[in-house]
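Quick note on the numbering used here: the sequence shown kicks off at 36 and runs consecutively.
C-beta atoms are modelled at their ideal positions from N, C-alpha and C, and glycine is treated no differently.
All values derive from a computational prediction rather than experimental measurement.
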Amino acid sequence: MIEAAIGLRAHTGWAALVVIGRAPSALIDCRRLELLPPGVPDQLYHAAAERELEASAELVAKTVAAVDAFVERMLRKVVDEQRARARNIVACGMIGTPRESPALSAILASHARIHAAEGDMFRNALAAAARAACVPLIAVPEKDAASETAHALHINSASLERRITEIGHLASPPWRADQKLASMAAMLALARTA
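Here is the structure:
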């Protein structure tokens with residue numbers, strides 16, 4: 036089996052996903068991973084802000100549970116697809132770190148916290164899904180992704196940039212910042228699980 040890692044960069048409702056094989060870094064898969072089940076508000080905390088706190092808490096709890104279950108199914112499907120093709124997913128790299136959200140009342144009191152909580156929900160769901168699939172998660176802040184990946188691979192930033200560009204030539208469009216960062220996350224995860 037070929038060892039590979041998943042790389043993710045989450046957005047509201049979706050994530051850029053790449054699968055990179057170990058040595059040489061080879062692009063195996065590149066796609067959009069849906070993170071939002073049908074019928075769920077795409078901006079949960081904005082919707083919650085329009086309700087009374089008790090109703091908001093109920094909506095948030097119900098939606099977070101639905102998102103968690105959906106993301107777990109979606110990520111497990113990717114892992115299972117790769118294993119069926121003789122690719123062993125040994126790690127998952129993610130841009131951004133999962134974190135505990137503050138109290139709902141604090142989130143709803145600040146528009147900036149509303150946006151942050153929506154991002155946290157999807158990163159937390161991806162982290163939980165990786166755990167459920169028994170895939171170690173390596174999370175890295177976006178601002179540190181390039182430097183940590185280059186360091187882990189024992190190359191300089193210019194070499195990393197060239198490697199990312201070469202990998203991108205193998206991908207179907209789009210190959211933008213999301214896919215590049217997801218690739219760095221996958222390469223970092225592979226390097227740290229060597």
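Can you tell me whether residue i is helix, strand or coil according to DSSP?
i      : result
VAL95  : helix
ILE130 : strand
HIS186 : helix
ALA168 : coil
ASN159 : helix
GLU116 : helix
GLU135 : coil
How about residue i and residue j: are their beta carbons less than 9 Å apart?
i      : j      : result
LEU43  : ALA220 : yes
ILE142 : PRO176 : no
VAL75  : CYS65  : no
CYS127 : ALA185 : no
LEU188 : ALA151 : no
LEU70  : VAL102 : yes
SER192 : SER182 : yes
ARG57  : VAL125 : yes
VAL106 : LEU161 : yes
LEU223 : ALA165 : no
MET36  : VAL99  : no
PRO133 : ARG111 : no
PRO137 : THR228 : no
ILE202 : ALA61  : yes
ASN123 : GLU196 : no
LEU88  : SER145 : no
HIS46  : ILE149 : no
Taking the alpha helix (DSSP H) that residue i belongs to, which residues open and close that run?
i      : result
ALA226 : 212-227
LEU143 : 139-143
ALA206 : Taken as a continuous stretch (DSSP letters only), ALA206 belongs to no alpha helix (DSSP H), as it is neither H nor E.
May I ask which residues mark the beginning and end of the beta strand (DSSP E) holding residue i?
i      : result
ILE1   : Because residue 1 is not part of the residues shown, which for the chain are 36 to 229, the question remains open.
ALA174 : 172-175
Who does residue i pair with in a DSSP beta bridge?
i      : result
ASN123 : GLU38
For residue i, verify whether its CB is less than 8 Å away from any heavy atom of the ligand MN.
i     : result
SER91 : Among the components modelled here there is no ligand, and therefore nothing to report on the ligand MN.
**Every unbroken beta strand (DSSP E) inside the region 42-90 [3 residues or more]** = Within the region 42-90, the complete beta strand (DSSP E) segments of 3 residues or longer fall at 49-56, 61-69, listed in chain order.
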